[in-house]
Amino acid sequence: MPRPPHASPQTLRLFEALLADPARWRYGYELSKETALASGTLYPILMRLSEQRLLETGWEPSEEPGRPPRHIYRLTADGVTLAEQRLAARRPAEAPRRAGPIPQTRTAGGAA
Amino acid sequence: MTAPVRVRESALRRVAYAVLARAVRGRRERGGEWGEAALAEFGETRGDWEAVRWAAGGLRTVWRERRRRARELPRPLRFARGTVLVLVVGLLAGVVVSRYVMSVGYIPSGSMEPTLQISDRVLLDRITFRATGLRRGDLVAFTKAIEPGARAHTNLKRVIGLPGDTIECRDGRVWRDGSPLDEPYLTLGPEEDRTDCSPVTVPEHQLYLLGDHRIVSIDSREYGTVDEDTVEARVVGRIWPIRD
Chain R
677 MPRPPHASPQ TLRLFEALLA DPARWRYGYE LSKETALASG TLYPILMRLS EQRLLETGWE
737 PSEEPGRPPR HIYRLTADGV TLAEQRLAAR RPAEAPRRAG PIPQTRTAGG AA
Chain F
368 MTAPVRVRES ALRRVAYAVL ARAVRGRRER GGEWGEAALA EFGETRGDWE AVRWAAGGLR
428 TVWRERRRRA RELPRPLRFA RGTVLVLVVG LLAGVVVSRY VMSVGYIPSG SMEPTLQISD
488 RVLLDRITFR ATGLRRGDLV AFTKAIEPGA RAHTNLKRVI GLPGDTIECR DGRVWRDGSP
548 LDEPYLTLGP EEDRTDCSPV TVPEHQLYLL GDHRIVSIDS REYGTVDEDT VEARVVGRIW
608 PIRD
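As given, the protein sequences belong to chains R and F, one line each in that order.
Numbered continuously in this note's numbering, the first sequence closes out at residue 788.
Numbered continuously in this note's numbering, the second sequence closes out at residue 611.
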């Protein structure tokens, strides 16, 4: 059976990172570190998610002078729903290291 | 123009940043959203290795973003871009191939009859004979001015003698190195096939060439041996018209 969209191991790793605290805006570098995805893998995934309205993006003005504004990300409500579905549908062999169901409050947070 | 790079950066990091910035922005003030995003995070990387890897991934991001944008162009424009690219590349490839690799030649004269008739098209191999060398019996295209002072043009004849061969004619037949040639391609009858020539030993880097239609062909009997360097192509075979 072909894999559904947004179910690659790399995308799932990103979903895990974004779901940790769905309400918080995240940075590219930080996500790359957390998921161990190279920038060339991470950004195309973010690009795709944002195009399908699963990811919100924005520019955060920098506090330090001389530093460019940073691009920030968080999942939309649809994104949170899809991410939870995809992580739940993961084969047992790829079961998450962090066990336990995902609290419902996270969905609410992503809807902001 | 460019975003200020923080000082105390190593040379490698500065180069990586410059390459990425160039790819993202080109000559514009600001590049695409995602390229800019990767660029803005560059300062977060620690050390040369991480910076280079980040920039490399950034390049991939820029490339993906561009491809995505190209896909959003209106259909006719996208189609036109693709067509123009294919045409230009195809045209260039065609010019190179027909000049150096393979082309089609037109037979303007009856000097190779009955093997090749006027208006036949033949396939010319312009490259492999240079590696494999020519053999006796091959048909070759070469440039030569038939009359002194006339413009050189392409002729097509059969290789009868290679360097070192002794060519002579006895009783209307061609002899090579003391034995008569078997020439099954001469089928026009004793009158037309009759060959008379003056004996010659083919010098180094020269060829002795005859047309199959011996009574009308102007060839090495007339102008002597031909310089190997003037050979442009070897005839692979006739491609038009299709006869047996």
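From the three backbone atoms N, C-alpha and C, an ideal C-beta is built for every residue, glycine too.
In this structure the segment 733–741 of chain R does not lie against the segment 706–721 of chain R, because fewer than three pairs of beta carbons, one per stretch, are closer than 8 Å. Out of F:ARG488, F:ALA378, F:LEU506, the CA that lies nearest to the CA of F:ARG610 is found in F:ARG488. Among the bridge pairs identified by DSSP, F:PHE446 is matched with none.
Non-local beta-carbon contacts of F:ILE474 in its own chain, meaning distances under 8 Å to residues more than five positions away in sequence, involve LEU483, GLN484, ILE485, SER486, ASP487, ARG488, VAL489, LEU523 in chain order. Scanning the segment 431–479 of chain F from its first residue to its last, the whole alpha helix (DSSP H) runs of 4-plus residues come out as 442–467. Residue range 573–577 is occupied by the beta strand (DSSP E) that includes F:LEU577.
Put simply, the segment 582–593 of chain F does not touch the segment 448–460 of chain F. Fewer than three CB pairs are less than 8 Å apart. Listed in chain order, the beta strand (DSSP E) elements of length 3 or more contained wholly in the segment 481–523 of chain F are 488–492, 506–511.
Taking the Cα positions, F:ARG442 is about 49 Å away from F:PHE509.
Residues of the segment 710–726 of chain R whose Cβ lies closer than 8 Å to any Cβ of chain F, in chain order: ALA714, SER715, GLY716, THR717, LEU718, TYR719, PRO720, LEU722, MET723. About 7 Å separates the beta carbons of F:HIS572 and F:ASP594, which is inside the 8 Å limit, making them a contact pair.
Membership of R:TRP735 in the beta strand (DSSP E) is indicated by the continuous run 731–736. Three or more beta-carbon pairs drawn from the segment 489–504 of chain F and the segment 594–608 of chain F are found closer than 8 Å, and the two stretches are therefore classed as touching.
Residue state for R:LEU751 is assigned as strand, using DSSP reduced to three classes. Interface criterion met: the Cβ of R:HIS747 is under 8 Å from a Cβ in chain F. Against chain R, the CB of F:GLU439 has no partner CB under 8 Å away; the residue lies outside that interface. F:THR592 places its beta carbon less than 8 Å from that of F:VAL567. Distance from the CA of F:THR450 to the CA of F:ARG433, rounded to the nearest whole angstrom, comes to 19 Å.
For F:ALA407, the closest C-alpha among the options F:ARG420, F:GLY425, F:GLY414, F:ASP415 is that of F:GLY425. Distance from the Cα of F:THR554 is smallest, within the candidate group F:SER465, F:VAL569, F:PRO481, for F:PRO481. Contacts with chain R at 8 Å (Cβ-Cβ) do not include F:THR495.
Following the DSSP letters along the chain, one finds F:GLY604 inside the beta strand (DSSP E) bounded by residues 598–607. Judged by DSSP in its simplified three-state form, F:PRO551 adopts coil rather than helix or strand. Closer than 9 Å at the C-beta level to chain R, one finds these residues of the segment 397–415 of chain F: GLU400, TRP401, GLY402, GLU403, ALA404, ALA405, LEU406, ALA407, GLU408, PHE409, GLY410, GLU411, THR412.
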